[in-house]
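**Q** Residue numbers (the working numbering), protein chains in the order written: chain A, 4 to 117; chain B, 81 to 194.
The structure is given below, and queries will be raised subsequently.
Dropping the structure here:
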């Protein structure tokens, strides 16, 4: 059974700081991995998707890397802004039929101080 | 539609009553997933539909939970004889098939059992 760990549970940083959010998972036989953002009381917004054959993906100030063999992924946020404050969820996907079935970590709640 | 639509957004029900939660996926998305998020917990997989294949029901917590997907589109999650521990946010997601495509989530239904 896939287990996903995201540590720390919460993080507070000053605006402008570059930061790294870590994710580890126990089953390295993954199909892909997705990073999401969740704002309080809202659903999940997809940030980045990395296929198992890829090492990283970039979107704007976000960069996600994947080291499948060691069961790790990181989300790098450059020049953090108060609007980045949210909970960030890592979800590796294992193959189920023609798709991936995601298993979620509990998330890292990020607060960016102005 | 433009996104995944879930209804109702909020539902308060009395213990022992049955409830139905609805999910309308993105048009053309063949896969549909249900998760639930309890307070302070990560997202828990419930059930997954893929095209005409038999659904993966491995995450349903008890036989009080069931789901169907009619015509490969709209899905209904039914909880019979609700219990207080069923209180959670129920999230639906849909996707196209394959590793290139990630999940798109709806805004969820917040269920409160009193």
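Built from N, CA and C at the ideal position, the CB exists for glycine as well.
Since this is a predicted model, take the numbers as computed values, not measurements.
1. So is residue 111(B) in contact with chain A if we call contact Cβ pairs under 7 Å?
2. What in chain A is Cβ-close to residue 125(B), meaning under 8 Å?
3. CA-CA distance, residue 106(B) and residue 183(B)?
4. Chain A partners of residue 191(B), CB-CB under 7 Å?
5. For chain B, find out if any of its Cβ atoms is closer than 7 Å to the Cβ of residue 91(A); answer yes or no.
6. Per the DSSP calculation, residue 116(B) is bridged to which residue(s)?
7. How long is the line joining the alpha carbons of residue 93(A) and residue 64(A), rounded to whole angstroms?
8. Suppose the cutoff is 8 Å on Cβ atoms and the five residues either side in sequence are ignored; what does the same chain contact list for residue 31(A) look like?
9. What span of residues does the beta strand (DSSP E) with residue 132(B) cover, start to end?
10. Is the beta carbon of residue 40(A) less than 7 Å from the beta carbon of residue 50(A)?
11. With H, G and I counted as helix, E and B as strand and the rest as coil, what does DSSP make of residue 9(A)?
12. Spatial neighbours of residue 8(A) within its chain, please: C-beta separation below 8 Å, excluding the five flanking residues on both sides.
13. Would you grab the beta carbon distance between residue 149(B) and residue 142(B) for me? Rounded to a whole angstrom, and I think it's under 8 Å.
14. Looking only at its own chain, which residues have a Cβ that is under 6 Å from the Cβ of residue 87(B), when we skip the five neighbours before and after it?
15. Give the range of the beta strand (DSSP E) segment to which residue 90(A) is assigned.
16. Using a Cβ-Cβ distance under 7 Å, would residue 185(B) count as near chain A?
17. Would residue 46(A) pass as a contact of residue 188(B) if the rule is Cβ separation under 7 Å?
18. Relative to the alpha-carbon of residue 38(A), which residue among 15(A), 76(A), 14(A) has its alpha-carbon at the smallest distance?
19. Is the beta carbon of residue 111(A) less than 7 Å from the beta carbon of residue 22(A)?
20. Report yes or no: is there a C-beta of chain B within less than 7 Å of the C-beta of residue 54(A)?
21. For the beta strand (DSSP E) containing residue 112(A), list its first residue and its last residue.
22. Can you give the Cα-Cα distance for residue 44(A) and residue 91(A), rounded to whole angstroms?
23. Report the partner residues of residue 91(B) according to the DSSP bridge assignment.
24. Under a three-way DSSP split, which group does residue 85(A) fall into?
**A** So, to answer that:
1. Within the second chain, numbered from 1, the residue matching residue 111(B) stands at position 31. Interface criterion met: the Cβ of residue 111(B) is under 7 Å from a Cβ in chain A.
2. Stepping through the second chain from its first residue, residue 125(B) is reached at position 45. Within chain A, the residues near residue 125(B) are 104, 105, 106.
3. Position 26 of the second chain, counted from the start, is the residue given in the question as residue 106(B). Position 103 of the second chain, counted from the start, is the residue given in the question as residue 183(B). Rounded to whole angstroms, residue 106(B) to residue 183(B) spans 10 Å at the Cα level.
4. Here residue 191(B) corresponds to residue number 111 of the second chain, with the count starting at 1. Within chain A, no residue comes near residue 191(B); the closest Cβ sits about 14 Å away, beyond 7 Å.
5. As a working mapping, residue 91(A) is identified with position 88 in the first chain. Chain B contact via Cβ: absent.
6. In the second chain, residue 116(B) corresponds to position 36, counting from 1. Note: residue 116(B) sits in a beta bridge opposite 124(B), 170(B).
7. The residue labelled residue 93(A) in the question sits at position 90 within the first chain. The residue labelled residue 64(A) in the question sits at position 61 within the first chain. Just so you know, the alpha carbons of residue 93(A) and residue 64(A) end up roughly 17 Å apart.
8. Within the first chain, the letter at position 28 stands for residue 31(A). Contacts found: 71, 72, 73, 74.
9. Sequence index remark: in the second chain, residue 132(B) carries index 52 (1-based). No beta strand (DSSP E) holds residue 132(B); DSSP gives it neither H nor E.
10. Mapped onto the first chain, residue 40(A) falls at position 37. Mapped onto the first chain, residue 50(A) falls at position 47. Yes, Cβ-Cβ distance for residue 40(A) and residue 50(A) is below 7 Å.
11. The sequence position of residue 9(A) within the first chain is 6, counting from 1. Residue state, collapsed to three classes: coil.
12. Stepping through the first chain from its first residue, residue 8(A) is reached at position 5. Cβ within range, chain order: 26, 27, 28, 108.
13. As a position in the second chain, residue 149(B) is number 69, starting the count at 1. As a position in the second chain, residue 142(B) is number 62, starting the count at 1. 20 Å between Cβ atoms; not a contact.
14. Here the question's residue 87(B) lines up with position 7 in the second chain. Result list for residue 87(B): 102, in chain order.
15. Taking the first residue of the first chain as position 1, residue 90(A) is located at position 87. That run of the beta strand (DSSP E) goes 89-99.
16. To locate residue 185(B), count along the second chain from 1; it is residue 105. At a cut-off of 7 Å, the C-beta of residue 185(B) has a neighbouring C-beta in chain A.
17. Taking the first residue of the first chain as position 1, residue 46(A) is located at position 43. Taking the first residue of the second chain as position 1, residue 188(B) is located at position 108. Yes, they are a contact pair.
18. Locating residue 38(A) in the first chain gives position 35, where the first residue counts as 1. Of 15(A), 76(A), 14(A), the residue nearest in Cα terms is 76(A).
19. Taking the first residue of the first chain as position 1, residue 111(A) is located at position 108. Taking the first residue of the first chain as position 1, residue 22(A) is located at position 19. For residue 111(A) and residue 22(A), no; Cβs fall outside 7 Å.
20. On the first chain, position 51 is the one that residue 54(A) refers to. Chain B contact via Cβ: present.
21. By 1-based counting over the first chain, the position of residue 112(A) is 109. Here the beta strand (DSSP E) through residue 112(A) covers 111-116.
22. As a working note, residue 44(A) is residue 41 in the first chain. As a working note, residue 91(A) is residue 88 in the first chain. Cα-Cα distance, rounded: 14 Å.
23. Here residue 91(B) refers to the residue found at position 11 when the second chain is read from its first residue. For residue 91(B), which the question treats as bridged, DSSP gives the partners 191(B).
24. By 1-based counting over the first chain, the position of residue 85(A) is 82. DSSP places residue 85(A) in helix when its eight states are reduced to three.
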